[in-house]
Amino acid sequence: MSSQSGEQKMQWAIRHMPILSSVAERFEKEQPFAGLNVVIALHLEAKTANLACVMLRGGAKVAITASNPITTQDDVAQALAERGVTVFAKRGETPAEYKEYFSNVLATKPNLLIDDGGDLVNAVHFEHPELLPAIVGACEETTTGVTRDRALAHAGKLSFPVIGVNEGLCKHLFDNRFGTGQSAWDGILRTTNMNIAGRVVVVAGYGWVGKGVTMRARGLGAQVIVTEVDPVKAVEAHMEGYQVMPMLEAARVGEIFITCTGDDKVITKEHFAVMKDGVILCNAGHFDVEVDVQHLRNKDPQHHEVRHNIEEYACDGKHFYVLGEGRLVNLACADGHPIEIMDLTFALQALSAEYLVRHQESLPNELINVPETIDDMASRAFLASRGLSIDTLTEEQREYLGSY
């Protein structure tokens, strides 16, 4: 692939990212990251590339690596490098290369981290602690990363402030639900070319991601089953009209399985044992541990790709079809979230990074919520970009709401 096709993808994306574009224009004038080294670990495709360019326009020296070994689009990586970003990433990284590229970006001695899944934050704490004194802070993109960073903070080991961008209202309400809801099915549909109407779809997890995936499954005409470990979320799924049952029961009837938990071994050998022949298995959570693909590999060392991004495993007289190696189906098998959704999310990332720099003297070494002002700014910019307006409270209404 050539850098020209990558540049075209970036140009198409930025045309539909008005919020990030306006942030970039301000950053170019104010140079909030002048003299700083920024390291990014995200899924390296066109929308991410535009975020990297925004940081570059804000005065930073930027180095980027992939947060997943198979989600990099090589033409975009090449185009981004030609724009002046230091890039260590390629599609199909080996485990050794993945680790090497992380070491390479960290060798640029970062002052600011933009992370996806917590691998950067973890690496500087436990593999490169010599870098800690120079780091102003980090921004975390995902539920999984926030969970890891929170655990680090609770253990008293977090050495700099981390803004949990995933906890921002404009992130989890829209990105996790509407973004993953659409992009996960985009990956499934373009990979399998199968009909969804009438099929039994099992969604593991009813958080914001699971809500989005189930909503779109229902819209496609699927019969939807939800599995959960949280009783409140299970009640919510039931009240929304979905069937709710344990995974072992769902495994007997499901035809397409989508994990949305961010946890380990959600679908395992005990579930494989009772599944129908020919089921589709995929993951929309985070790391490639939700479906126990390793068990299938051990059972069928001769497994092979029957169609691009679909691996067939023959085990115990049945066939299992795993999409995208059990990694994030929306990025391994498609282009990730819709551009407009990532416009919101990456605006939060850029503005949160700026907040860390401007308030570095006063922020504690803790996991910090996205400031309300940033959520408000991003949502108002989104409305404006769509030509939408809303009402404003009158002074009388404000007084009423503040009375007792």
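Count the sequence shown with the working numbering and you get residues 447 to 850, in order. Just so it is clear, CB atoms sit at the ideal spot from N, CA and C, and this is done for glycine as well.
For residue 840, the secondary structure class from DSSP, reduced to helix, strand or coil, is coil. Under the three-pair Cβ rule at 8 Å, the region 510-521 counts as touching the region 475-495.
If you look at residue 509, you'll find it in the beta strand (DSSP E) that goes 507-512.
Following the DSSP letters along the chain, one finds residue 534 inside the beta strand (DSSP E) bounded by residues 532-534. By the Cβ-count criterion, residue 482 is buried, with 16 or more other Cβ atoms from all chains shown falling within 10 Å of its own Cβ. For residue 610, the enclosing beta strand (DSSP E) has its first and last residue at 608-610. Residue 485 is positioned such that its CB atom lies closer than 9 Å to that of residue 559. In the three-state reduction of the DSSP assignment, residue 561 falls in the strand class. For residue 826, the enclosing alpha helix (DSSP H) has its first and last residue at 818-831. Runs of the beta strand (DSSP E) spanning 3 or more residues and lying entirely within the region 630-716 occur at 646-650, 669-673 and 702-705, in chain order. Distances from the CA of residue 570 to each of 782, 550 and 779 were compared; the closest alpha carbon is that of 550. Between the region 670-681 and the region 618-635 there are fewer than three inter-stretch CB-CB distances shorter than 8 Å, so the stretches are not counted as touching.
Straight-line spacing of the CA atoms in residue 633 and residue 842 works out to 50 Å.
The shortest CA-to-CA distance from residue 795 to any of 567, 587, 448 and 510 is the one to 587. Inclusion of residue 607 and residue 591 in the CB contact set at 9 Å is not warranted, their separation being larger than that value. Per DSSP, the unbroken alpha helix (DSSP H) holding residue 453 starts and ends at 449-461.
Bridge partners of residue 815 according to DSSP: 610. Here residue 494 has 488 as same chain residues with Cβ atoms under 7 Å from its own Cβ, once five neighbours each way along the sequence are excluded. In this model, residue 726 and residue 744 are separated by some 18 Å (Cα to Cα).
In this structure, residue 704 sits away from residue 666, with a CB-CB distance that is not shorter than 9 Å.
The criterion of a C-beta distance shorter than 9 Å is satisfied by residue 637 and residue 775. Bridge pairing for residue 603: absent [DSSP]. DSSP places residue 767 in the uninterrupted beta strand (DSSP E) bounded by 764-769.
When DSSP states are grouped into helix, strand and coil, residue 627 belongs to the helix group. Excluding the 5 residues flanking it on each side, residue 448 has same chain C-beta neighbours closer than 8 Å at 521 and 524, in chain order.
In the structure shown, residue 785 falls within a helical segment according to DSSP collapsed to helix, strand and coil. By the criterion of at least three beta-carbon pairs nearer than 8 Å, the region 692-712 is in contact with the region 646-661. For residue 574, there is no enclosing beta strand (DSSP E), since its DSSP letter is neither H nor E. 9 Å or more divides the Cβ of residue 728 from the Cβ of residue 746. No Cβ-Cβ contact shorter than 9 Å links residue 753 with residue 721. Residue environment: residue 832 is assigned as exposed (fewer than 16 neighbouring CB atoms within 10 Å of its CB, all protein chains considered). In the structure shown, the three-state DSSP call for residue 772 is helix.
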